[in-house]
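> Take this structure, written in structure tokens, and hold onto it; I'll ask about it next.
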Amino acid sequence: MQTILILNSKGGCGKTTLATNLASLYAAGGVKTALMDYDPQGSTMLWHSLRPDELAPIHIIDANRTRRGLTRSWQLAVPQGTKRLIIDTPAGIKGGALQDLVRKASVIIIPVSPSPIDIHATSAFITDLLLIGKARSLGIHIGVVANRVRRNSPHYEPLSAFLNTQKIPFITSFTDTENYIKVAEEGMGIYELPEHQSVLEREQWLPLIRWLACPESPPQVIPDFPKLSLVSGG
Ligand SMILES: Nc1ncnc2c1ncn2[C@@H]1O[C@H](COP(=O)(O)OP(=O)(O)O)[C@@H](O)[C@H]1O
Ligand SMILES: [Mg+2]
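Residue numbering for the sequence shown follows the working numbering, beginning at 14 and increasing consecutively.
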């Protein structure tokens, strides 16, 4: 089983969006998928509760709810045969909580939105992830995804330079589009929209899907942050 942890201590950068879209993408592709929500705000739980019955099933686990009489490991167990476990996490994760989450992961995706404050915070967070989370020594692959990118989104260069020094790949860039809002409200994912309505989003997800299939090899073409941030959408 591949466990994909979506992490960034900043709120609003797209963790839940990535987690839910990724889960629905695998499920729609016939892959047995589980989705775990560590965020007490429960946005992923809410999304799952809105999911239409006719769509591919996703096993949901609320990591915040404790049920009497059941052990923690039993509550967090995924169904036998699960191929992908996607974990959504809250903002502000640090210290021991960060270490505990990192230990569960095969792969970590860090979404980052294009504000200078978020970009700065993300560099600091990745430093924590490497030092405190010890992600490298655990053999966990880390990739960064730019999210909510608009025309003229600024200033990825500092993050891009930082990622280069840490040898962390920048995987892809998602434009800010109405489709993400729409699918979030309907318990769906981008890949469950008709193809002709989601051409841009599908194209932008491909590098991430490819990387997740083989995270030990870096993306074939290392996309360039500033150029990719010019994709239209606003
Ligand atoms: N690429 C995108 N285009 C449009 N809206 C987006 C996009 N990514 C996220 N959003 C919206 O931004 C808000 C914050 O995203 P969310 O995934 O909840 O962030 P986080 O889980 O990191 O707090 C949500 O309302 C979500 O629907
Ligand atoms: Mg969230």
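Ideal placement from N, C-alpha and C gives every residue a C-beta, glycine not left out.
Compute the minimum distance between the beta carbon of residue 62 and the heavy atoms of ligand 2, and state whether it is under 6 Å.
In this structure, residue 62 has its CB at a distance of at least 6 Å from all heavy atoms of ligand 2.
> Grouping DSSP H, G and I as helix and E and B as strand, with all else coil, what is residue 58?
Three-state result, residue 58: helix.
> Please state whether DSSP places residue 240 in a helix, a strand or coil.
Bear in mind that the predicted position of residue 240 carries a pLDDT of just 40, short of 50, making it unreliable; the figure below should be weighed with that in mind. In this structure, residue 240 counts as helix in the three-state DSSP scheme.
> I'd like the span of the beta strand (DSSP E) that includes residue 156, first residue to last.
154-162
> Would DSSP call residue 47 helix, strand or coil?
strand
> Just how far apart, CA to CA, sit residue 137 and residue 63?
Their backbone Cα atoms lie some 35 Å apart in a straight line.
> In angstroms, rounded to a whole number, what distance separates the CA positions of residue 86 and residue 68?
28 Å
> In this structure, does DSSP put residue 217 in helix, strand or coil?
Residue 217 falls in the helix class under three-state DSSP.
> Checking contacts by CB at 7 Å: is residue 56 closer than that to chain B?
In the structure shown, chain B does not exist; there is a single protein chain.
> Does residue 35 pass the burial test, meaning 16 or more other C-beta atoms within 10 Å, or should it be called exposed?
buried
> Would you report the Cα separation of residue 210 and residue 199, rounded to the nearest angstrom?
15 Å
> Quick check: does the Cβ of residue 190 come within less than 6 Å of any heavy atom belonging to ligand 1?
Correct: residue 190 has its Cβ closer than 6 Å to ligand 1.
> Quick check: what's the CA-CA separation for residue 158 versus residue 80?
35 Å
> Using the three-state DSSP reduction, which class does residue 203 fall into: helix, strand or coil?
helix
> Would residue 184 and residue 156 qualify as a contact pair, given that the criterion is a beta-carbon distance under 7 Å?
Going by C-beta atoms, residue 184 is nearer than 7 Å to residue 156.
> When DSSP labels each residue in this structure, what does residue 15 get in the three-state scheme?
strand
> What are the start and end residues of the alpha helix (DSSP H) that includes residue 31?
That run of the alpha helix (DSSP H) goes 28-41.
> Compute the beta-carbon to beta-carbon distance between residue 192 and residue 125, rounded to the nearest angstrom, for a pair I have assumed lies under 8 Å.
With a Cβ gap of about 20 Å, residue 192 and residue 125 do not count as contacting.
> Can you give the Cα-Cα distance for residue 227 and residue 154, rounded to whole angstroms?
10 Å
> Give the DSSP bridge partners of residue 186, in chain order.
159
> Which class does residue 249 belong to by DSSP, given the choice of helix, strand or coil?
The question about residue 249 has no answer, for the chain in this structure spans 14 to 247.
> Just the C-alpha distance for residue 55 and residue 177, rounded to the nearest angstrom, thanks.
Straight through space, the alpha carbons of residue 177 and residue 55 are spaced by roughly 34 Å.
> Assuming residue 12 and residue 222 make a contact with CB atoms under 8 Å, what is their CB distance in whole Å?
Given that the chain is displayed from residue 14 to residue 247, the structure contains no residue 12 and the question cannot be resolved.
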